[in-house]
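A.B. asks:
Protein chains in written order, with my numbering: chain A, 216 to 385; chain B, 216 to 385; chain C, 216 to 385.
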């Protein structure tokens, strides 16, 4: 089954692309699963998550997973069609918990490499600007770059979304 | 007639690419029109606009349109070959006037969707860096992303310019 | 012989791609030369440069060239297979010396245009974020953009590395 990494800039349409690709795959059968890394920490975020869930409609099962992505992947069934949205927020969540980013990257990459179902992973490409002055932002940017490199090698397909349009990289 | 969205980074050669594409199209006839969104607010800017106008040469008619892009489009003739340069500055001008960005985006998208002449629209891709700390910059970045998504869907062609070289996205 | 410009974001895998491409070319004969623009200004940097040199292995000859890239190119033999890593650091080094960036860009472009050996030039794409508030960063970003445009025209091949995967632009 195909594992796809979908990268894109801010408001590039990458989430919508991933969702549509999953729905197209589900036309042949399989349960749609949305694994969101956003955390309902306050009322505004709770409202946004609920809004997105309603917009996706009842065909989707949603799972909020701010940190334990590898576990969430391992619990998926082989016929599930899953989207993870998004990895950059996951990296940010891990950094706030002072987690071991290299170990987490290795674990997730391994889980994706051995995953048997259709999987579409969304992430922000954040490395095409100038070096940030903020040290934490530099660390975040480097961690995302290394993660994307690892997943780019593990994935069957890499898509860059520009102006809502998909560009096949791999 | 083809409507092309040309995206690129800072000093990527996107304007030059758009200008050359328009001039190539005009070899088959038609008036070249450059719609610039820069405003001659001070002497330096006035000088730069005049310099660019002189560099383009007499085949081009230039129209300064910091805000009313939709009107400018609607006033074009069907045989005009027009370049809009650039959309990111237009978004910035709209934000300084506290305009309704969603409404402006919808209006421009609609005007482009129904446009009958050759049209090449230049814009900066600004969404591939880390999230800006400045709230206004975040709002600007999001507005540009949504606008590009809309225009990417409406355009017949989307080109990303990298190191002066065009990459076809759509 | 092919001159390749390899662009990529932070931690995108662009250096590894360039190194592997050079090693593949060297399978047909020729001396591998790594021209690094990093300067061993302090112990940490000295350690990192030594670490990278050891990781590349004994097949590579390494030359530290923070500023005189054009000279380094002109001293290469026709059978040398050279990587320059990276140009953005070179631009930064030049700016710290208050060098004439336009003249340096012209000289390097000319040297690359007339170069007779296999050459792979690595640089960071830094122009896809929002306009930096810092004036020096804006100057740096513009200088890199102009340099990439020049080299994109001079090179036989332009590659954008995304998530470790190469995308052919030219």
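Backbone N, C-alpha and C define an ideal beta-carbon position, used for all residues, glycine too.
For a cutoff of 8 angstroms on Cβ pairs, would you count residue 306/C as touching chain A?
C.D. replies: Counted from its first residue, the third chain places residue 306/C at position 91. No, residue 306/C does not count as interfacial toward chain A.
A.B. asks: Classify residue 259/A as buried or exposed, calling it buried when 16 or more other Cβ atoms lie within 10 Å of its own Cβ.
C.D. replies: Position 44 of the first chain, counting from 1, holds the residue named residue 259/A. So residue 259/A counts as exposed.
A.B. asks: Using the rule of at least 16 other Cβ atoms within 10 Å of the residue's Cβ for burial, across every protein chain shown, is residue 273/B buried or exposed?
C.D. replies: Looking up residue 273/B in the second chain gives position 58. Flag for residue 273/B reads exposed.
A.B. asks: Find out if the Cβ-Cβ distance for the pair residue 237/C, residue 296/C is shorter than 8 angstroms.
C.D. replies: Taking the third chain and counting its residues from 1, the one referred to as residue 237/C is at position 22. Taking the third chain and counting its residues from 1, the one referred to as residue 296/C is at position 81. Going by C-beta atoms, residue 237/C is nearer than 8 angstroms to residue 296/C.
A.B. asks: At what residue ranges does the stretch 318-357 of chain C contain a whole run of the alpha helix (DSSP H), taking only runs of 4 or more?
C.D. replies: You should have found no qualifying run.
A.B. asks: Between the stretch 261-279 of chain C and the stretch 311-319 of chain C, can you find at least three pairs of beta-carbon atoms closer than 8 angstroms?
C.D. replies: Not touching, per the Cβ criterion.
A.B. asks: Using the Cα positions of residue 367/B and residue 225/B, report the straight-line distance between them to the nearest angstrom.
C.D. replies: Within the second chain, the letter at position 152 stands for residue 367/B. Within the second chain, the letter at position 10 stands for residue 225/B. Between residue 367/B and residue 225/B, the C-alpha separation is close to 20 angstroms.
A.B. asks: Which whole runs of the alpha helix (DSSP H) in the stretch 269-313 of chain C are 4 residues long or more, in chain order?
C.D. replies: For the stretch 269-313 of chain C, whole alpha helix (DSSP H) runs of length 4 or above, ordered along the chain, are 284-289, 302-311.
A.B. asks: Would you say residue 256/C faces chain A, with C-beta separation under 8 angstroms as the test?
C.D. replies: Working through the third chain from its first residue, we reach residue 256/C at position 41. By this cut-off, residue 256/C is not an interface position.
A.B. asks: Output the distance between the C-alpha atoms of residue 319/C and residue 354/C, rounded to the nearest integer angstrom.
C.D. replies: One-based indexing of the third chain puts residue 319/C at position 104. One-based indexing of the third chain puts residue 354/C at position 139. Roughly 15 angstroms separates the two Cα atoms.
A.B. asks: Nearest CA to the CA of residue 363/C: which residue from 377/B, 218/B, 365/B?
C.D. replies: In the third chain, counting from the first residue as 1, residue 363/C sits at position 148. Taking only the C-alpha atoms, the option nearest residue 363/C is 377/B.
A.B. asks: Given a threshold of 16 other Cβ atoms within 10 Å of its Cβ, counted over all protein chains shown, does residue 265/C qualify as buried or as exposed?
C.D. replies: What you label residue 265/C is simply residue 50 of the third chain in a count that begins at 1. Looking at its Cβ environment, which holds fewer than 16 other Cβ atoms inside 10 Å, residue 265/C is exposed.
A.B. asks: In this structure, what does DSSP give as the bridge partners for residue 249/C?
C.D. replies: Position 34 of the third chain, counted from the first residue, corresponds to residue 249/C. Residue 249/C pairs with 277/C, 298/C.
A.B. asks: Looking at C-alpha atoms only, which residue of 328/B, 338/B, 380/B, 241/B is the closest neighbour of residue 306/B?
C.D. replies: For the purposes of this step, residue 306/B is taken as the residue at position 91 of the second chain. Out of 328/B, 338/B, 380/B, 241/B, 338/B has the C-alpha closest to the C-alpha of residue 306/B.
A.B. asks: Residues in its own chain within less than 7 angstroms of residue 351/B by CB, not counting five upstream and five downstream?
C.D. replies: Translated into the one-based positions of the second chain, residue 351/B becomes position 136. Contacts found: none.
A.B. asks: What does the alpha-carbon distance come out to for the pair residue 257/B and residue 322/A?
C.D. replies: Residue 257/B sits at position 42 when you count from the first residue of the second chain. Residue 322/A sits at position 107 when you count from the first residue of the first chain. C-alpha separation (whole angstroms): 56 angstroms.
A.B. asks: Chain B partners of residue 272/A, CB-CB under 9 angstroms?
C.D. replies: What you label residue 272/A is simply residue 57 of the first chain in a count that begins at 1. Per Cβ cutoff of 9 angstroms: no residues; residue 272/A is ~21 angstroms from chain B at best.
A.B. asks: Against chain C, with Cβ distances strictly below 8 angstroms, would residue 363/A count as a contact?
C.D. replies: Locating residue 363/A in the first chain gives position 148, counting from the first residue. Output row for residue 363/A: interface = yes.
A.B. asks: Taking 8 angstroms as the CB-CB limit, is residue 385/C close to chain B?
C.D. replies: Locating residue 385/C in the third chain gives position 170, where the first residue counts as 1. Yes, residue 385/C counts as interfacial toward chain B.
A.B. asks: Mark residue 388/B as exposed unless 16 or more other C-beta atoms lie within 10 angstroms of its C-beta, in which case mark it buried.
C.D. replies: Nothing about residue 388/B can be reported from this structure: the residues present for chain B run from 216 to 385 only.
A.B. asks: Report the option in 291/C, 317/C, 340/C, 374/C whose CA atom is closest to the CA atom of residue 304/C.
C.D. replies: In the third chain, the residue the question calls residue 304/C occupies position 89. Per the Cα distances, 340/C.
A.B. asks: Can you look up residue 360/A in the DSSP assignment and give me helix, strand or coil?
C.D. replies: Stepping through the first chain from its first residue, residue 360/A is reached at position 145. Of the three classes helix, strand and coil, the one that applies to residue 360/A here is helix, per DSSP.
A.B. asks: Got a sec? Which residues, its chain only, sit under 7 angstroms from residue 384/A by beta carbon, not counting five neighbours each side?
C.D. replies: Residue 384/A sits at position 169 when you count from the first residue of the first chain. Counting only Cβ-Cβ distances below 7 angstroms, and skipping sequence neighbours, we find 373, 374, 375.
A.B. asks: Could you please tell me which residues of the stretch 338-355 of chain B, in chain order, have their CB closer than 8 angstroms to any CB of chain C?
C.D. replies: So the list reads 340, 341, 342, 343, 344, 345, 347, 349, 352, 355, given in the order they occur along the chain.
A.B. asks: Note down, in chain order, every chain C residue with its Cβ under 9 angstroms from the Cβ of residue 366/A.
C.D. replies: Position 151 of the first chain, counted from the start, is the residue given in the question as residue 366/A. Chain C residues near residue 366/A: 378, 379.
A.B. asks: Using a Cβ-Cβ distance cut-off of 8 angstroms, determine whether residue 245/C contacts chain B.
C.D. replies: To locate residue 245/C, count along the third chain from 1; it is residue 30. False, the Cβ-Cβ gap to chain B never drops below 8 angstroms.
A.B. asks: Would residue 357/A count as contacting chain C if we go by Cβ distances under 8 angstroms?
C.D. replies: Here residue 357/A is taken as the residue at index 142 of the first chain, counted from 1. It does; some Cβ of chain C falls within 8 angstroms.
A.B. asks: How far does the beta strand (DSSP E) with residue 385/A in it extend, from its first residue to its last?
C.D. replies: The count along the first chain starts at 1 and reaches residue 385/A at position 170. Counting along the chain, residue 385/A falls outside any beta strand (DSSP E), and DSSP gives it neither H nor E.
A.B. asks: Measure from the C-beta of residue 332/B to each C-beta in chain A and report whether the shortest distance is under 8 angstroms.
C.D. replies: Position 117 of the second chain, counted from the first residue, corresponds to residue 332/B. Chain A contact via Cβ: absent.
A.B. asks: Which residue's Cα is closest to the Cα of residue 343/B: 243/B, 357/B, 330/B, 349/B?
C.D. replies: Stepping through the second chain from its first residue, residue 343/B is reached at position 128. Of the listed residues, the one whose Cα sits closest to residue 343/B is 357/B.
A.B. asks: Let me see if you follow: with CB-CB separation under 8 angstroms, is residue 156/C close to chain B or not?
C.D. replies: Chain C is shown only over 216 to 385; residue 156/C falls outside these bounds and no answer can be derived.
A.B. asks: Could you give the residue range of the alpha helix (DSSP H) that holds residue 238/B?
C.D. replies: The count along the second chain starts at 1 and reaches residue 238/B at position 23. 229-241 is the extent of the alpha helix (DSSP H) around residue 238/B.
A.B. asks: Since residue 299/B and residue 250/B should fall inside the 8 angstroms C-beta cutoff, what is the C-beta to C-beta distance between them, to a whole number of angstroms?
C.D. replies: As a working note, residue 299/B is residue 84 in the second chain. As a working note, residue 250/B is residue 35 in the second chain. Correct: roughly 5 angstroms between the Cβ atoms.
A.B. asks: From residue 205/A to residue 382/A, what does the alpha carbon distance come to, in whole angstroms?
C.D. replies: Nothing about residue 205/A can be reported from this structure: the residues present for chain A run from 216 to 385 only.
A.B. asks: Who are the near neighbours of residue 261/A in its chain, counting only those whose CB is closer than 6 angstroms to its CB and skipping five residues on each side?
C.D. replies: Indexing the first chain from 1 puts residue 261/A at position 46. Correct list, in chain order: 255.
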